[in-house]
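If you're matching positions, the sequence shown starts at 1184 in my numbering and goes up one per residue.
Idealized CB from N, CA, C, for every residue including glycine.
Computed from a prediction, not measured in an experiment: that's the story for all the values here.
Here's the structure, in C-alpha cells; my notes come after.
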Amino acid sequence: MSAVGSEENSQLELARVYAELLARAGETQVEVRLDATRRACELLGDIHRAAPVIMLTGTNGKTSTGRMIEAIISAHDLRVGLFTSPHLHSVTERVRVDAAPVAVEDFVRIHDEIRPYLEIVDAELAAAGRNRLTFFEVLTVLAFAVFADAPVDVFVAEVGMGGEWDSTNVADAEVCVFTRVGLDHQKFLGDTLAEIAKTKAGILNRSIDDTPAPHPVAVIGLQDEEAMEVLDAQTVERGVTALVEDRSFRLLDRRPAVDGQLIAVQAVRDVYSDLFLPLHGAHQAHNAAVALVAAEAFLSAEDKPLSADTVAEGLSHVRSPGRAELVRTGPAVVVDGAHNPDAARVLAETIAEAFDFDYTVIVLAMLADKDVHGVLEELHRSADAFVVSEVMADRALSAEKLAAAAREWIDEDSVIETPDLNAALMKAIDLANESGSARPGIVVTGSLYTVAEARLLLGRESAE
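Written out as C-alpha cells, the structure is:
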C-alpha cells in the first residue's frame, strides 16, 4: 500500500474509533462516579498505576500548564504521557507521548485491544441498572492504556471537570496542581468559588483500597480569596504539603520579548532567571511558575536535580494552540478559546499588552450554556467592532441571540451578525483592512469550538 493509501486507511480507522466514542454519553452528560473507570483500569491490570501521576485541576490554564510540565520533564530526559481536553482538530491531540499526539495507529490499536474489557464493564453497569461508560470515562481509560503501553515515566493528567468525581481521579497523584479557580460548569460544580474549589480539591484524595500511598504535594497558583480559603482548609484537613504561589514561590519578573516573554521565577529549590516563554500574557508567566514548581516537586526524590538549563530548554519549546495564538498576519488574526468571564478578562489584558492593536475586531461565537454577558462585560472595552456568528456545535448559541446580547454592551452599529464563521472571518478582515489603522487586528474567541473552526478556515490544520 502506498504511503498516501496507508494514511487514508489510518484516518478511516480513526474515524471509526471516534464514532464509537461519540456514540457514548458526551462530555456534558456527566456521571458522578469513579467506580466504573476504576473497574475498567483494574481489569486492564491497574493501568492507572503504571507510572506516577501529576494531576491538574482548575478552571482556566490547565492545558497550557500541563504542556509546560510536559516540556520541562521531557527536557529532563524522562518520557511523559500528557492527557488533556478538549481537542481542536483530532481526538489524538488529547493523548500525547513524547510531546506529540499519540500515533493514529497506536490510538486505534489500543482502543481495539481494550474494547472487550470496556464491554465487560458496560455489561456490569447495565446489569446494575446503571448507564454504561461515558465518552470521557472511556477516553480516560484509553489514555492510561496508551501510557502503559508506551511505556512512559510519568502521567500528566488534566481533570476534565471538577476533580473529586472526575474519571482521572482514579489515579493517585504524587503532585496535585491547582490553576486558577473560576466560575464555570456551575450546573455540576456549584454556584460559588468555594463550592467549586472544594470539588476540585477532591484530587487530593488517596486510594479507597488498602494500597499504601504517600500524601501528595499540592502546587497552588494564584487564587481569589474565597477559593484560597477552601484550598487552604482542604490541604490542612488532609495533611497535604501545600506550595502556594506568593507564599512558597513567586514570579519575580517578566518582560515582553519577540514572540513571547522573558520570565524569572523564585521556585522552591532555586531561582530561575531569563527563561524564554514563547507564549503571551501575564497569566502564562504565572502558569509557567506553577509548572516549574510542580516539576521540582515531582523530581525532588531523583538523584539528578532539575537544572536551570533544563527548565530553559523545556519552556523554550512550549506551544499552546488556541491560547492567544497568532495564526495569520496582514491583518493579524489571534485565536483564543476564552469561554468564561475569567478567561475573557485575561484575554483582554493579553490583547492590550502583547499585540498593541489600534483597531480591534472581535469575532465571537459561543455555546448557549456559557455566561455570555459575563464574557461580553470583559471583552467589550477591547472591541471597536464585534462580528458575531454561530459555531458548528450542538450547543451553539444562535448568532441572533449573541448579537442581541452584544448590543447591550457596545453601540448597535458596531455589532455585525453573520450566518457562519467563514462569513464572520471575511467580514472581520474587510473591517480591519478598511479601518485605515496602522495596526489593525482580529481576535477570534468564545470557545475552543470557535477556535478550531477558525484555525481550519485559516489553513491551520495541525494543533502542534
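Asparagine 1470 versus valine 1598: straight-line alpha-carbon distance, rounded: For asparagine 1470 and valine 1598, the distance between alpha carbons rounds to 34 Å.
Backbone secondary structure at threonine 1317 - three-state DSSP: Threonine 1317: coil per DSSP, three-state reduction.
Backbone CA spacing between glutamate 1203 and glutamine 1417 [nearest angstrom]: Note on geometry: alpha-carbon atoms of glutamate 1203 and glutamine 1417 lie some 39 Å from one another.
Cβ-Cβ distance between methionine 1238 and alanine 1331 below 7 Å: Contact: no.
Which listed residue (Asp1305, Cys1224, Glu1196 and Gly1244) has its alpha carbon closest to that of alanine 1474: For alanine 1474, the nearest C-alpha among the options comes from Gly1244.
7 Å Cβ cutoff met for serine 1620 and tyrosine 1542: Closer than 7 Å, so yes.
Own chain, CB closer than 7 Å to glutamate 1156, minus 5 neighbours either side, in chain order: As shown, the chain starts at 1184 and ends at 1647. That puts residue 1156 outside it, with no answer to give.
Cβ neighbour criterion (16 or more within 10 Å) applied to lysine 1177: Given a span of 1184 to 1647 for the chain in the structure shown, any question on residue 1177 remains unanswerable.
Between the CA atoms of glycine 1365 and serine 1273 - distance to the nearest angstrom: If you take the alpha carbons of serine 1273 and glycine 1365, they lie about 27 Å apart.
CA-to-CA distance, glutamate 1190 to leucine 1434, given in whole angstroms: Rounded to whole angstroms, leucine 1434 to glutamate 1190 spans 45 Å at the Cα level.
Same chain, Cβ closer than 6 Å to alanine 1586, neighbours up to 5 away in sequence not counted: For alanine 1586, where only same-chain residues beyond five positions count, the Cβ hits under 6 Å are Val1571, Val1598 and Glu1600.
Environment of alanine 1551 [buried if 16+ CB atoms lie within 10 Å]: Looking at its Cβ environment, which holds fewer than 16 other Cβ atoms inside 10 Å, alanine 1551 is exposed.
Outcome for phenylalanine 1344 when other beta-carbon atoms lying within 10 angstroms are tallied against a minimum of 16: Before going further, note that residue 1344 is methionine rather than phenylalanine in the sequence given. Methionine 1344 comes out buried.
Where aspartate 1393 falls, given that 16 or more other Cβ within 10 Å makes a residue buried: Because aspartate 1393 sits at a pLDDT of 48, beneath the cut-off of 50, its placement in the model cannot be relied upon, and the point is left open.
Contacts around leucine 1509, its chain only, beta-carbon distance under 7 Å, and the 5 residues preceding and following it disregarded: Non-local C-beta neighbours of leucine 1509 in its own chain, meaning closer than 7 Å and more than five positions away in sequence, comprise Ala1515 and Val1517, ordered along the chain.
Meets three-Cβ-pair contact criterion under 8 Å: the segment 1204-1223 and the segment 1345-1354: With a cut-off of 8 Å on Cβ pairs, the segment 1204-1223 is in contact with the segment 1345-1354, counting three or more such pairs.
Rounded separation between threonine 1493 and leucine 1414 - CA only: Cα to Cα, threonine 1493 sits roughly 31 Å from leucine 1414.
Those residues which DSSP pairs with valine 1358 across a bridge: The partner list for valine 1358 (beta bridge, DSSP) reads Ile1237 and Val1400.
Whether phenylalanine 1540 touches glycine 1624 by CB criterion (7 Å): Yes, the Cβ-Cβ distance between phenylalanine 1540 and glycine 1624 is below 7 Å.
Host beta strand (DSSP E) of valine 1518 (start-end): Where valine 1518 is concerned, the enclosing beta strand (DSSP E) stretches over 1515-1518.
Length of the line joining the Cα atoms of leucine 1608 and alanine 1637: Leucine 1608 and alanine 1637 have their C-alpha atoms roughly 8 Å apart.
Beta-carbon gap between threonine 1317 and arginine 1207 smaller than 7 Å: One thing to note: threonine 1317 has its Cβ within 7 Å of the Cβ of arginine 1207.
Contacting residues, own chain, Cβ-Cβ under 7 Å from isoleucine 1391 (five flanking each side not counted): Confidence is the limiting factor: at isoleucine 1391 the pLDDT is only 47, short of 50, which leaves the residue's position unreliable and the question unanswerable from this model.
Alpha helix (DSSP H) runs wholly inside the segment 1274-1349, at least 4 long, in chain order: Listed in chain order, the complete alpha helix (DSSP H) runs (minimum 4 residues) inside the segment 1274-1349 are 1287-1310 and 1318-1332.
From Arg1622, Cys1224, Met1549 and Leu1265, residue whose alpha carbon lies closest to that of glycine 1249: Comparing Cα positions, the closest option is Leu1265.
Integer-rounded CB distance, given that valine 1358 should sit under 8 Å from alanine 1480: Between valine 1358 and alanine 1480 the Cβ distance is about 5 Å, and since that is below 8 Å, they are a contact.
Contacting residues, own chain, Cβ-Cβ under 8 Å from glutamate 1307 (five flanking each side not counted): Closer than 8 Å at Cβ, skipping near neighbours: Arg1222.
Beta-carbon contacts of valine 1329 that lie in its chain and below 6 Å, excluding the five residues immediately before and after: If we look at valine 1329 and ignore the five residues flanking it on each side, its Cβ neighbours are Val1278, Val1285 and Ile1293.
Unbroken stretches of the alpha helix (DSSP H), 4 residues or longer, contained in the segment 1463-1493: Runs found: 1465-1482.
Valine 1200 versus valine 1304: straight-line alpha-carbon distance, rounded: Cα to Cα, valine 1200 sits roughly 18 Å from valine 1304.
Cβ shell of alanine 1234 (< 8 Å), same chain only, five flanking positions each side left out: Around alanine 1234: Gly1264, Phe1330, Ala1331, Pro1334, Val1335, Asp1336, Val1337 and Phe1338.
Sequence ranges, beta strand (DSSP E) only - wholly within the segment 1573-1599, length at least 3: Those beta strand (DSSP E) runs which fall completely within the segment 1573-1599 and span 3+ residues do not exist here.
Candidates Ser1618, Gln1406 and Leu1387, of which the one nearest aspartate 1429 by Cα: The alpha carbon of aspartate 1429 has as its nearest neighbour, out of Ser1618, Gln1406 and Leu1387, the alpha carbon of Gln1406.
Asparagine 1192, DSSP secondary structure in three states: Correct three-state label for asparagine 1192: helix.
Euclidean distance between Cα positions of alanine 1615 and alanine 1576: Roughly 27 Å separates the two Cα atoms.
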